[in-house]
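Engineer: Mind looking over this structure? Questions follow.
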């Protein structure tokens, strides 16, 4: 902020509730008094035209009535006012007023008064033009080099330039590629027009080019092709600004300083006549308007620039010379000469504050108070430094991406689920296989602690669950007010969901306008999807959960299902899902074990989850803190892989249906084109059974579409079952290895990276990528492998795999690593130091494949030789080291025949997809082996004396062995 303020010479407030903009202000001797003194002309969007002749506010006593010459109310808004020679055969100045649909030219004349009331001024219409298009702005000048009078050019809102020569209309032209109007100015030196297009580039059009271009009247739409013989309108030159321009100015003070000034949103440009940038200034504020004016220094131009911080800045080219504070944000600036003072800065605000000011300073009587010199208390400074360091450590220790919420929210959401089922039920499906489908009511209470405008509440449940209403519009609430909404949840499918939780999101805007979202979660009862049934004796799948506490009566744990239970001892309880599957829970009488068994593996998930949660709640109420639960294994991976294969097969079927539909659609369109060609032919020709083929193709398309839709429904059901199986596997892994909640969350995010399948990305490839990342990072066997994986960036594009063999191997390896003591953590990646060799060798853009598992569970490091980099031996000992390496490390530097054998064997074992990588690696091995062989031959020919004769004989014999193999 500047220390100086603009000195107020004269000011006035124009009306109330009126709006003003950039073109609403102009200065000039509009009444042709001959004195050379300027008058201030102001027009408003409300249609009010005012003309002032300002005087010093201290010397004048009449106030606003003394300086206001004229005030006229028009019916239409005033967009722009200009003063110029707009009447032919007259050297007098006239006033041009631009309305949205009219251009009017007036003469302002004054009559000397005979009484004390002063002079009288009149506004007389000379001529006017009714516009066919809505005007945006205008410019004037001596178009075509004509001297003695000024012509007018108006730019419409749809991109048409309309040229008027005094009281006659000349022609109109459409600007090419027009979208939105920009500032328009005339350059009298080059007889060109400058504007900024919607492409954010400055364009220059010659008047001669505009005159001979296609007439706008013969081409109503600028996007239509040319119909008459005119030239295509093209700019003479253009310059890309990259930002919207607020204003363009072409001042003409002298031939030595003739430039084009463009004010952008962030930059100020000074250009030459040919479009070359002379200078450019990057602004650190938001400008509002500017005005170039004459400078006393040759070759430079002064600039007045107003911004949105109420500042008036004076620049000489790009150098800031002065800064003054204004009482408002200016939208227009002019420099005028008045009888008492010359060079007055006239500024206008958007709400009608008109100010005539000059640069200067006022003496300030403020004196800075003395500061007491106190000695620093080093103990206090040290304590403050330690406190700040503690805050910094705590802030750097947290790695939250989202900002912390306020201590007190604007709203609070409380969700309550009714304990009893609805009567009658609100479910869309009344019964499934003879079992009635229940529904439960959920009540949500929203309370506001501050004034909140209208908000929106959204309810989300897991498929196939549904609700009676999922969106609610809440009315504005005051402080302490609350709203209560209720809805019913029910099962809307023939299979159980993977999760019984639901989410409620309330979106609203804070009093400051910041959008906020408040979330809450609720859990639906198990009785919503299953009923009590008789226990099943023989089942396919069984899971045993161990505890360290005596067995609990199941009827006391599941009270809502105990009323119809046949087992009064509480040792067994069966749940029958509405889809038909039965899950039985058996409690051992002698041991502390519980067995869950069913014919459906995925349906056991909800019962096992509910059992574990109710055990925790039961023993926590009893005050037992050392309650533990575990799973002794083995992990049911084969049962889990059945759900994986079923889901994958349905995805493959969906892709096949998509391909077949695409083929039949192409065939259908081709037959349609053939038939259309036959029907358009003037000479009738036989259809050659094309109509029959069209009907058959149409039937195939409909059948394939129905089959694809049915397969999509099965795919959604299979994904829900896969999610249930995955949740069950994660729970068993956490009980098996006693994982912490954080480790369980990482494992769940790894095995369930998606909440739903999409055509572009499916569960198999996403899960495989996530599991592979864990195996390379926190579950890797050596820190070197972990560092290698961290040094690599990028990866292949995920897509539908050919089969699930690789995914099954990785999941099996993941369970094996966790069983052997591997711990899931995300912080270990930041602690591993990447070696410099690995940083240099790891190629960006590729992800190394996980080593496949051999029969004994060990890994085969495919790229082991890639990261083995040995020092080059000297010439003296290269032969001796070559002998040892040939014996000890044949895999690092293989001979050509051995590499050929390895290549053949690898091609037989590996899939087609990996054959290209293996062949490229074998070629590299060939080149390296042949290169070392040539080096050894050179060393042999040089006859190194230090190498013994026996060792050279051994080397020859070892080199002859692969030659014999080649023969």
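Numbering (the numbering used here), first residue to last: 1 to 967.
All residues carry an ideal CB built from backbone N, CA and C; glycine is no exception.
Source: prediction; values computed, not measured.
Who are residue 425's beta bridge partners in DSSP?
Structural biologist: Numbered from its first residue, the chain shown carries residue 425 at position 425. None; residue 425 has no bridge partner.
Engineer: Would you mind listing the alpha helix (DSSP H) stretches within the stretch 523-565 that are 4+ residues and don't spill past its ends, in chain order?
Structural biologist: If we require 4 residues or more, the alpha helix (DSSP H) runs fully inside the stretch 523-565 come out as 554-557.
Engineer: Give me, in chain order, the residues of the same chain whose beta-carbon lies closer than 6 Å to that of residue 628; leave out the 5 immediate sequence neighbours on both sides.
Structural biologist: For this step, residue 628 is matched to residue 628 along the chain shown. Contacts found: 548.
Engineer: Taking the alpha-carbon positions, what's the residue 167 to residue 236 distance?
Structural biologist: Residue 167 sits at position 167 when you count from the first residue of the chain shown. Residue 236 sits at position 236 when you count from the first residue of the chain shown. Distance between the alpha carbons of residue 167 and residue 236 is about 29 Å.
Engineer: May I ask you to report which of helix, strand or coil DSSP gives residue 448?
Structural biologist: Counting from one through the chain shown, the residue named residue 448 turns up at place 448. Three-state DSSP puts residue 448 in a strand.
Engineer: Between which two residues does the beta strand (DSSP E) containing residue 94 stretch?
Structural biologist: As a working mapping, residue 94 is identified with position 94 in the chain shown. Here the beta strand (DSSP E) through residue 94 covers 94-99.
Engineer: For residue 310, write down the residues that DSSP places opposite it in a beta bridge.
Structural biologist: For the purposes of this step, residue 310 is taken as the residue at position 310 of the chain shown. Residue 310 is not bridged to any residue.
Engineer: Relative to the C-alpha of residue 519, which candidate in 609, 622, 409, 755 has its C-alpha closest?
Structural biologist: Position 519 of the chain shown, counted from the start, is the residue given in the question as residue 519. Ranking the options by Cα distance to residue 519, first place goes to 409.
Engineer: Using only the alpha-carbon positions, how far apart do residue 594 and residue 530 sit?
Structural biologist: The count along the chain shown starts at 1 and reaches residue 594 at position 594. The count along the chain shown starts at 1 and reaches residue 530 at position 530. Using only the alpha carbons, I get a separation of about 20 Å.
Engineer: What beta strand (DSSP E) runs, 3 residues minimum, are completely inside the stretch 254-324?
Structural biologist: List check, beta strand (DSSP E) in window: 260-264, 267-271, 277-282, 287-293, 302-307, 311-316.
Engineer: Give the DSSP-derived three-state secondary structure of residue 82 in the structure shown.
Structural biologist: What you label residue 82 is simply residue 82 of the chain shown in a count that begins at 1. If DSSP states are grouped into helix, strand and coil, residue 82 belongs with the strands.
Engineer: Starting from residue 711 and walking both ways along the alpha helix (DSSP H), at which residues does that stretch end?
Structural biologist: Residue mapping note: residue 711 aligns to position 711 of the chain shown, counting from 1. Its alpha helix (DSSP H) spans residues 690-737.
Engineer: Between residue 315 and residue 305, is the Cβ-Cβ spacing less than 8 Å?
Structural biologist: Residue mapping note: residue 315 aligns to position 315 of the chain shown, counting from 1. Residue mapping note: residue 305 aligns to position 305 of the chain shown, counting from 1. Cβ distance < 8 Å, so residue 315 and residue 305 count as in contact.
Engineer: Could you tell me the distance, in whole angstroms, from the CA atom of residue 441 to the CA atom of residue 674?
Structural biologist: The count along the chain shown starts at 1 and reaches residue 441 at position 441. The count along the chain shown starts at 1 and reaches residue 674 at position 674. Each residue's alpha carbon lies about 59 Å from the other.
Engineer: Please state the DSSP three-state secondary structure of residue 204.
Structural biologist: To locate residue 204, count along the chain shown from 1; it is residue 204. Residue state, collapsed to three classes: strand.
Engineer: Only counting the same chain, and skipping five residues up and downstream in sequence, which positions put a Cβ closer than 7 Å to that of residue 106?
Structural biologist: Mapped onto the chain shown, residue 106 falls at position 106. Closer than 7 Å at Cβ, skipping near neighbours: 94, 95, 97, 123, 124, 125, 126.
Engineer: Please return the same chain residues whose Cβ sits closer than 6 Å to the Cβ of residue 211, not counting the five positions on each side in sequence.
Structural biologist: Against the chain shown, residue 211 aligns to sequence position 211. If we look at residue 211 and ignore the five residues flanking it on each side, it has no Cβ neighbours.
Engineer: Counting only beta-carbon separations shorter than 8 Å, does residue 436 have a partner in chain D?
Structural biologist: Any reference to chain D falls outside this structure, which holds one protein chain only.
Engineer: State the DSSP-derived secondary structure class of residue 129, mapped to helix, strand or coil.
Structural biologist: To locate residue 129, count along the chain shown from 1; it is residue 129. Strand.
Engineer: Apart from the five residues just before and just after residue 336, which ones in its own chain have a Cβ nearer than 7 Å to its Cβ?
Structural biologist: Residue mapping note: residue 336 aligns to position 336 of the chain shown, counting from 1. Excluding sequence neighbours, residue 336 sits near 27, 38, 40, 344, 346.
Engineer: Going by beta carbon distance, what residues of the same chain come within less than 8 Å of residue 690, once the five residues before and after it are set aside?
Structural biologist: As a working mapping, residue 690 is identified with position 690 in the chain shown. The residues are 671, 674, 675, 678.
Engineer: Cα separation between residue 137 and residue 321?
Structural biologist: For the purposes of this step, residue 137 is identified with residue 137 of the chain shown, where counting begins at 1. For the purposes of this step, residue 321 is identified with residue 321 of the chain shown, where counting begins at 1. The straight-line gap from Cα to Cα measures roughly 32 Å.
Engineer: If you follow the alpha helix (DSSP H) that residue 671 is part of, which residue opens it and which one closes it?
Structural biologist: For the purposes of this step, residue 671 is identified with residue 671 of the chain shown, where counting begins at 1. From DSSP, the alpha helix (DSSP H) with residue 671 extends over 637-680.
Engineer: Taking only three categories from DSSP, how would you classify residue 134?
Structural biologist: Looking up residue 134 in the chain shown gives position 134. Residue 134: coil per DSSP, three-state reduction.
Engineer: When DSSP builds the beta bridges, which residues end up paired with residue 103?
Structural biologist: Here residue 103 corresponds to residue number 103 of the chain shown, with the count starting at 1. According to DSSP, residue 103 bridges with 98, 129.
Engineer: If you draw a straight line from the alpha carbon of residue 239 to that of residue 263, how long is it in whole angstroms?
Structural biologist: Numbered from 1 along the chain shown, position 239 holds the residue referred to as residue 239. Numbered from 1 along the chain shown, position 263 holds the residue referred to as residue 263. Roughly 14 Å between the two C-alpha positions.
Engineer: Could you tell me whether the stretch 471-480 touches the stretch 417-437, where touching means 3 or more Cβ pairs closer than 8 Å?
Structural biologist: At 8 Å Cβ cutoff, the stretches do not touch.
Engineer: If you draw a straight line from the C-alpha of residue 267 to the C-alpha of residue 318, how long is it?
Structural biologist: Walking along the chain shown from the start, residue 267 turns up at place 267. Walking along the chain shown from the start, residue 318 turns up at place 318. Roughly 11 Å between the two C-alpha positions.
Engineer: Classify residue 165 as helix, strand or coil using the three-state DSSP reduction.
Structural biologist: Here residue 165 refers to the residue found at position 165 of the chain shown. Correct three-state label for residue 165: strand.
Engineer: In terms of DSSP beta bridges, what is residue 237 paired with?
Structural biologist: For the purposes of this step, residue 237 is taken as residue 237 along the chain shown, with counting starting at 1. Paired residue(s): 204.
Engineer: Distance check for residue 552 and residue 577, CA to CA, integer angstroms please.
Structural biologist: Position 577 of the chain shown, counted from the start, is the residue given in the question as residue 577. Position 552 of the chain shown, counted from the start, is the residue given in the question as residue 552. Between residue 577 and residue 552, the C-alpha separation is close to 23 Å.
Engineer: Please say whether residue 630 and residue 738 have beta carbons closer to each other than 8 Å?
Structural biologist: Sequence index remark: in the chain shown, residue 738 carries index 738 (1-based). Sequence index remark: in the chain shown, residue 630 carries index 630 (1-based). Contact: yes.
Engineer: How would you write the range of the beta strand (DSSP E) that residue 353 sits in, first residue to last?
Structural biologist: Indexing the chain shown from 1 puts residue 353 at position 353. Residue 353 -> beta strand (DSSP E) spans 353-358.
Engineer: Ordered along the chain, which non-local residues of its own chain (more than five positions away) have a Cβ less than 7 Å from that of residue 542?
Structural biologist: In the chain shown, residue 542 corresponds to position 542, counting from 1. If we look at residue 542 and ignore the five residues flanking it on each side, its Cβ neighbours are 595, 597.
Engineer: Quick one, which of 298, 423, 84 has its alpha-carbon nearest residue 436's?
Structural biologist: Your numbering for residue 436 matches position 436 in the chain shown. It is 423.
Engineer: Given that a residue counts as buried once 16 or more other Cβ atoms are within 10 Å of its Cβ, and exposed if not, what is residue 180?
Structural biologist: On the chain shown, residue 180 is found 180 positions in, with the first residue counted as 1. The residue in question, residue 180, is exposed, as its Cβ has fewer than 16 Cβ neighbours within 10 Å.
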